[in-house]
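Here the protein sequences come in this chain order: A and B. With the first letter of the first sequence counted as 1, position 309 gets the number 310 in my numbering; the numbers rise by one all the way through. With the first letter of the second sequence counted as 1, position 548 gets the number 702 in my numbering; the numbers rise by one all the way through. We treat Cβ as the ideally placed atom computed from N, Cα and C, and that holds for glycine.
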Amino acid sequence: MQYQFLGIGYLTWITFLPLIGMAVVLLIPKSNINAMKWTALAATILQLVLAAIIWVNFKPSLSGINDPNGFQFVEKTRWIDLPGVAWFGHVAVDYFLGIDGLSLPMVMLTALISFVGVIASWNIGKSQKGYFALYLLLDTGMMGVFVALDMFLFYVFWELMLLPMYFLIGIWGGPRREYAAIKFFLYTLLGSVLILLVMLGLYFSVNVTDPATGQAMHTFDMLAMMNPQNYDPHALFAGIGTYWRYVAFIALFIGFAIKVPIFPFHTWLPDAHVEAPTAISVILAGVLLKMGTYGFLRISFPIFPDAVLKFSYALAILGFINIVYGALCAMAQTDFKKLIAYSSISHMGVVLLGIAALNTQGVAGGVLQMFNHGVVTAMLFLIVGVIYDRAHTRGVNDFGGLANQMPVYTGIMTVAFFAAIGLPGLSEFISELLSYLGAFQTFRWIAIFSSIGIVLTAGYMLWTLQRVFLGQLPEKWKGLTDVNGRELVSLVPLMVVVILLGVFPSIMLHPMSATLNNLVDFIHKVGTGMTALK
Amino acid sequence: MASTESLLLNLALAVLFLPLAGFALLIFFGKKIPRQDLVETGILFTALAISIYIMVQKVFFVSAPTIDLTFKWLDLGAVAGQQGFSIDLGIAIDNIAAIMLVVVTLISSLVHTFSLAYMEGDVRYTRYYAYLGLFSFSMLGIVLSNNLLMIYVFWELVGISSYLLIGHWYEKKSASDASKKAFIVNRVGDVGFFIGIMIVFTSLHTFLLRDVFGGIAAQHLTGPLLTAAGILIFCGAVGKSAQFPLHVWLPDAMEGPTPVSALIHAATMVAAGVYLVARIFPMLTAEALTVIAYIGAITAFIAATIAVTQNDIKKVLAYSTISQLGYMIMALGVDAYSAGFFHLVTHAAFKAGLFLASGSVIYAMHHEQDMRNMGGLRKKMPITYWAFVIFSLSISGIPFTSGFLSKDSILAGALAYGLLTGNYLIPIIGYLVVFLTAAYMFRLIIMTFHGEPRDHHKYEHAKESPKVMTVPLIVLASLSIFVFYSFNPFNPEKGWFLQAVQQPASVVPAAQSYGFDQPVNDVQVTSPQQQPNAAELSVEAQKTETTRYEEAMEAVHYPGLALSLTLAVLGILAAFVVYDWKKIDAEKLKQRVKPVYTFLYNKWYFDELYDATAVAGTLLLSKSLAWFDGHVIDGVVNGAATLTRLWSTLSGKFDHYIVDGLVNFSAWFTGFLGKATRRVQTGKVQTYIVFALLGVIVIFYVFRQF
């Protein structure tokens, strides 16, 4: 098989490299903190290199989504095999990894943000061993979610990432960390339960022939779940547009919506962000939120295309609410981190608006926005981290005039702020443009009303910029130093990506298009029953 | 493609990217380069030289109306069986683009030169020049774009350069407030622009203007949606060109350095709105044009009335700019396309000149901007004074100036429009503004340069500005003379300029257009299917037959000219009567019309209105939603948690008291029974017999039933 190293596939490597790093970190003596940091950094750099190799070898023409031959770097082996439980049948779970144009940007994002996160974690003050071990475990969980094609495996990774996140917020967080961590954990767990229920329902509804034995069996294979012909006619989720399919879609939607987060399931996010240490905020906003929308596109949409078509209008309205509500709430915040948390809610609304449009440009815009928002928000949280490290406050009104005191920092910040505003030439412009163009074609008025968000975003961002960076420098901040080398190493790569994708969005859009076009085509054909059912 | 044409395109790209290179150079290596200011200025002069070459070539030697370079920027492929999604971008040079190239690079290089002295010793001198480079790049981008998307992109980029330059002295709260306001108010207009673009793209699947016009000519976008698209795109111009009701940002933008005001907020960027309307002109329906004409006329009037009352020299000029931009927009709205664009160009020269001259005054007066503290500067600053006079004559529309030619074309167009449609309000406003313009300009000159100095200390120190500042003034003053645009000082029609700037033919369905270009004796409407595409139309527009519009223009030209000249002279006289000869006391006049004066002095209370409604409303909404989020939404979440805990406490209690209680109770009860029955076991046989007897009785009693 191609794309192997030491007989193990690239995707396994990229997923479990951090786990190896974690093992090494655990073996390092407690006193040798530097070794732990460098181990974590090495693991994430290797992961990033591997991501780059995967990027180079990725074939943009393959279509992915429902087509087993459309996936690349595929690894598939039997993982769990319980033959012959009397009433339960043959239980088999595959270790099934693969990527297409939808997961590729997310793999890149995860690798990039994880690397940046390690650098931002450099000055973690207590129990470094536990921190880096959990951090690397989290990394494995995130990467696994984006490469898994078996729903059971997906669920395992999904839950795997939950636990380290809980501890990372709960132990290394701010003053109200325990409240925030528990809120995050319980909220996400509630979502997980819904996902689990739907997953089991799907498992029992789908019948395939076991290639090994030739017998009929249930499966957790996502691709099999997408094919309407695999459904047992008497099963709960059989048919097109049946009642339980809608119920399942809504349950699954809530499960993923909590992660995005979509109004009204969003209130865990500001708390989690405010309490989490900088690097964890970066991971949270940069990668974790995207898992929700990734879940929509990977699981909800192609498995329940009929329900998507039925509810797309509602999804778009939720997108609109996220955009405008998030922006207005952001405007009222005085805590810098909370402000950016709400801006995330607003920007993730654009993703939802775009993908709900269910056309080429909308879905492409949505997925690109997932990537771009990940990068830009990571930058914003790093930027807050920089002054929080120095001033130990995040109050927007406590600052002023930092532009003169920290010119390089201000320059980088300006790029990030204007990227968030959607300034052309920077990455978020393109993804917002495509999302809005897509949405406009499908739901004209929702797109028009959502564009209020464009003004509101400029409003709160520039107001924040003014309050923190412009004006007179208060006497007490005369001692603040400009960004140091380490901080530059974390910020500059992100800035380069922001500018590069702003000018040449094709770099990212080209590998995505075949997959996303297939997704759109598939939803419309299967969702309207054009592909006949048995 | 002919070799000249590809050469011109390559040169245009060079002009476009040179200032960007300068920007990058100064931002990243600013500290390491000696005399960064000269680097950037040199770049601009190079760009100017190339631009002049391009313009001369294009206007006089290249016969094709448009030279175009298009490339595929983005291709998302297609969903099986559907139309694909791709975006083409590119640049195009036609006559107006070629002329604009020169206008932008000329004013920009003069402003660069002027700033060498004006900004000397500034804290962020390098940054200033870098931002000027960024601005020049973005502005040239708007000029050269052949598609709506790139125009929008560069539109936003000039917005950001403007933001950065207005806030150049960001330590001052008023400056950072002004820059924020400029950006946000512009964004409001831009959202309309954005929606307009979305309408166009969704209907026609392209951003390229020529294909857009082709699609509209082929009736793929018609009716109210076409009108809406036109008006929405015009919204962008309303923001950028500071038209009513979004004009409020421009006076505040005067917080920026004065050369910036000259370049961005007088000559070029604010004219981009006019340029945009000129670009999309063929797709504007009669309804859209009427809206545009009214917005322009209202703006021209409101701003002129405010300008009469202001005392800050830059504020007067700012309102004057708004008013003149209103003229240009109005011109386009009344179908006087060439006149509108003509005024854009002449205005760029004399208004940039006015701002630079006021900069020269402010420089001499040590950053004093209030005209009430000036006076008598004529003797101290003769070059600045005479330049000022020429610019003012030009803006007032006095013969032998460029402003006379262009403004007169606009007024004639407005009058012809009035005759053809019966819409007389627009020409009436147009003429009223002529009077006001002359009045406020000469009020400004008299207060600043004539009479006795009012602040003697500052007057003593005032002196003529250095050469790098006066030379640009002299250049601009000479460009305010008629001869550069037409050899006939009274009729520009046959001059090279108006020959080069021909009105493109409309592509909207005949029923939706003004129909002014119909021949006089042939009112028959040609069916839209017969209309050829836009490129051919613009050639066809040069028809030999006299159109209705031309006929009307013919009729109004000389009476209109006489009227505007009379009004301008009256305006100048009024200024002299009140401010110089003091035949009428200005203070008494103010007292007599106090309510009107206060209303105008406070700028019609637009700022107060917006603060009380839009700004306060948004902030209130945002605060309420944040409260709602924290107390209601999060309240439900926390409430659910609290309820769960309450439930668990209750079930804990239940478990403890009821479930466990039952268990304990049964144990206790057994013990109790044991204790109770233990008493029975007394060891006395008699007692046992009594119990046995009782038992037997009970058993008998029970079994008797069966």
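Would you check if the region 450-461 of chain B and the region 414-425 of chain B touch, i.e. whether three or more CB-CB distances between them fall below 8 Å?
no
What residues in its chain sit with their C-beta under 6 Å from that of B:Ser-546, if we drop five residues either side in the sequence?
The residue given as residue 546 of chain B occupies position 392 in the second sequence. Within the same chain, B:Ser-546 has close Cβ partners Met-595, Ile-599.
Taking the alpha helix (DSSP H) that B:Thr-824 falls in, what are its first and last residues?
For this step, residue 824 of chain B is matched to residue 670 along the second sequence. It spans 814-832 - the alpha helix (DSSP H) in which B:Thr-824 sits, taken as one unbroken run.
Could you work out which residues of chain B lie near A:Phe-441, taking near to mean beta carbons separated by less than 9 Å?
Start at 1 with the first residue of the first sequence, and residue 441 of chain A comes out as number 440. Per Cβ cutoff of 9 Å: Ile-349, Met-352, Ile-353, Phe-355, Thr-356.
What residue range does the alpha helix (DSSP H) around A:Thr-220 cover?
In the first sequence, counting from the first residue as 1, residue 220 of chain A sits at position 219. Where A:Thr-220 is concerned, there is no enclosing alpha helix (DSSP H), given that its DSSP letter is neither H nor E.
When you compare the CB of A:Phe-419 with every CB in chain B, is at least one pair closer than 8 Å?
Numbered from 1 along the first sequence, position 418 holds the residue referred to as residue 419 of chain A. Judged by the 8 Å Cβ criterion, A:Phe-419 is in contact with chain B.
Amino acids of chain B, ordered along the chain, whose beta-carbon sits closer than 8 Å to that of A:Gln-473:
The count along the first sequence starts at 1 and reaches residue 473 of chain A at position 472. In chain order: Glu-325.
Under the rule that 16 or more other beta-carbon atoms within 10 Å means buried, what is B:Ile-204, buried or exposed?
Here residue 204 of chain B refers to the residue found at position 50 of the second sequence. So B:Ile-204 counts as buried.
What residue from B:Ile-221, B:Ser-328, B:Ile-351, B:Val-424 has the CA that sits closest to B:Ser-315's CA?
Against the second sequence, residue 315 of chain B aligns to sequence position 161. Answer by Cα proximity: B:Val-424.
Determine the chain A residues that contact B:Ile-787 at a beta-carbon separation under 7 Å, and present them in chain order.
Counting from 1 along the second sequence, the entry for residue 787 of chain B is found at position 633. Near B:Ile-787 (Cβ distances below 7 Å), the residues of chain A are Pro-265, Thr-268.
Under the criterion of a Cβ to heavy atom distance below 7 Å, does A:Gly-480 qualify as lining the ligand SAM?
Although the ligand SAM was asked about, the structure shown includes no ligands whatsoever.
In chain order, which alpha helix (DSSP H) runs of at least 4 residues are fully inside the region 559-646 of chain B?
579-603, 610-615, 621-632
Pair every Cβ in the region 252-265 of chain A with every Cβ in the region 189-196 of chain A, then say whether three or more of these pairs are closer than 8 Å.
yes
Short CB-CB distance (under 8 Å) between B:Asp-761 and chain A
Residue numbering aside, residue 761 of chain B sits at position 607 when the second sequence is read from its first letter. No, because no Cβ of chain A sits closer than 8 Å to the Cβ of B:Asp-761.
Simplified DSSP assignment, three categories, for A:Tyr-4
The residue labelled residue 4 of chain A in the question sits at position 3 within the first sequence. A:Tyr-4: coil per DSSP, three-state reduction.
For A:Gln-442, three-class secondary structure by DSSP
Within the first sequence, numbered from 1, the residue matching residue 442 of chain A stands at position 441. The answer is helix: DSSP assigns A:Gln-442 an H, G or I state.
With DSSP run on the structure shown, which of helix, strand or coil describes A:Phe-97?
Looking up residue 97 of chain A in the first sequence gives position 96. Strand, per DSSP.
List in chain order: all unbroken alpha helix (DSSP H) runs of 4+ residues lying wholly within the region 732-769 of chain B.
740-746, 748-755, 760-764
Any chain B beta carbon closer than 8 Å to A:Gln-362:
Within the first sequence, residue 362 of chain A is the residue found at index 361, counting from 1. A:Gln-362 counts as touching chain B.
For B:Arg-597, collect the residues of the same chain with a Cβ closer than 6 Å to its Cβ; drop the 5 residues on either side in sequence, then sort them by chain order.
Counted from its first residue, the second sequence places residue 597 of chain B at position 443. Excluding sequence neighbours, B:Arg-597 sits near Ala-729, Tyr-733.
Please check if any C-beta of chain B sits within less than 8 Å of the C-beta of A:Pro-19.
Translated into positions along the first sequence, residue 19 of chain A becomes position 18. No, because no Cβ of chain B sits closer than 8 Å to the Cβ of A:Pro-19.
Using the three-state DSSP reduction, which class does A:Phe-59 fall into: helix, strand or coil?
Your numbering for residue 59 of chain A matches position 58 in the first sequence. A:Phe-59: coil per DSSP, three-state reduction.
Which residues, taken in chain order from the region 306-323 of chain A, show a beta carbon closer than 7 Å to some beta carbon of chain B?
none
Can you have a look at A:Glu-488 and say buried or exposed, based on whether 16 or more other CB atoms are within 10 angstroms of its CB?
Translated into the one-based positions of the first sequence, residue 488 of chain A becomes position 487. When all chains shown are included, A:Glu-488 counts as buried.
Below 7 Å between beta carbons is the criterion; list the residues of the region 218-243 of chain B that meet it against any residue of chain A, in chain order.
Leu-228, Leu-230, Gly-231, Ala-232, Val-233, Ala-234, Phe-239
Excluding the 5 residues flanking B:Val-629 on each side, which residues of the same chain have their C-beta closer than 7 Å to its C-beta?
Numbered from its first residue, the second sequence carries residue 629 of chain B at position 475. Counting only Cβ-Cβ distances below 7 Å, and skipping sequence neighbours, we find Leu-264.
Rounded to a whole number of angstroms, what is the C-alpha to C-alpha distance between B:Leu-531 and B:Ala-506?
The count along the second sequence starts at 1 and reaches residue 531 of chain B at position 377. The count along the second sequence starts at 1 and reaches residue 506 of chain B at position 352. C-alpha separation (whole angstroms): 20 Å.
In whole angstroms, what separates the C-alpha of B:Val-750 from that of B:Pro-405?
Residue numbering aside, residue 750 of chain B sits at position 596 when the second sequence is read from its first letter. Residue numbering aside, residue 405 of chain B sits at position 251 when the second sequence is read from its first letter. Their backbone Cα atoms lie some 20 Å apart in a straight line.
Taking C-beta pairs closer than 7 Å, name the residues in chain A that B:Arg-341 reaches, listed in chain order.
To locate residue 341 of chain B, count along the second sequence from 1; it is residue 187. Chain A residues near B:Arg-341: Ile-455, Val-456, Ala-459.
Please classify B:Arg-278: does DSSP put it in a helix, a strand, or coil?
In the second sequence, the residue the question calls residue 278 of chain B occupies position 124. Reduced to three states, the DSSP call for B:Arg-278 is coil.
Extent of the continuous alpha helix (DSSP H) run through A:Leu-359:
Counting from 1 along the first sequence, the entry for residue 359 of chain A is found at position 358. Segment: none, A:Leu-359 is in no alpha helix (DSSP H) and carries neither H nor E.
Going by DSSP, what residues sit across from A:Gln-73 in a beta bridge?
Working through the first sequence from its first residue, we reach residue 73 of chain A at position 72. Looking at the DSSP assignment, A:Gln-73 forms a beta bridge with A:Ile-100.
Simplified DSSP assignment, three categories, for B:His-520
Here the question's residue 520 of chain B lines up with position 366 in the second sequence. Reduced to three states, the DSSP call for B:His-520 is coil.
Does A:Gly-426 have its Cβ less than 8 Å from a Cβ in chain B?
Indexing the first sequence from 1 puts residue 426 of chain A at position 425. By this cut-off, A:Gly-426 is an interface position.
Return the CA-CA distance between B:Gln-684 and B:Leu-319, expressed in angstroms with no decimal places.
Looking up residue 684 of chain B in the second sequence gives position 530. Looking up residue 319 of chain B in the second sequence gives position 165. Legend: pLDDT at B:Gln-684 = 46, less than 50; position of this residue unreliable, value from coordinates given subsequently. Computed Cα separation, rounded: 50 Å.
From the beta carbon of A:Ser-347, is the nearest beta carbon of chain B less than 8 Å away?
Sequence index remark: in the first sequence, residue 347 of chain A carries index 346 (1-based). Chain B contact via Cβ: absent.
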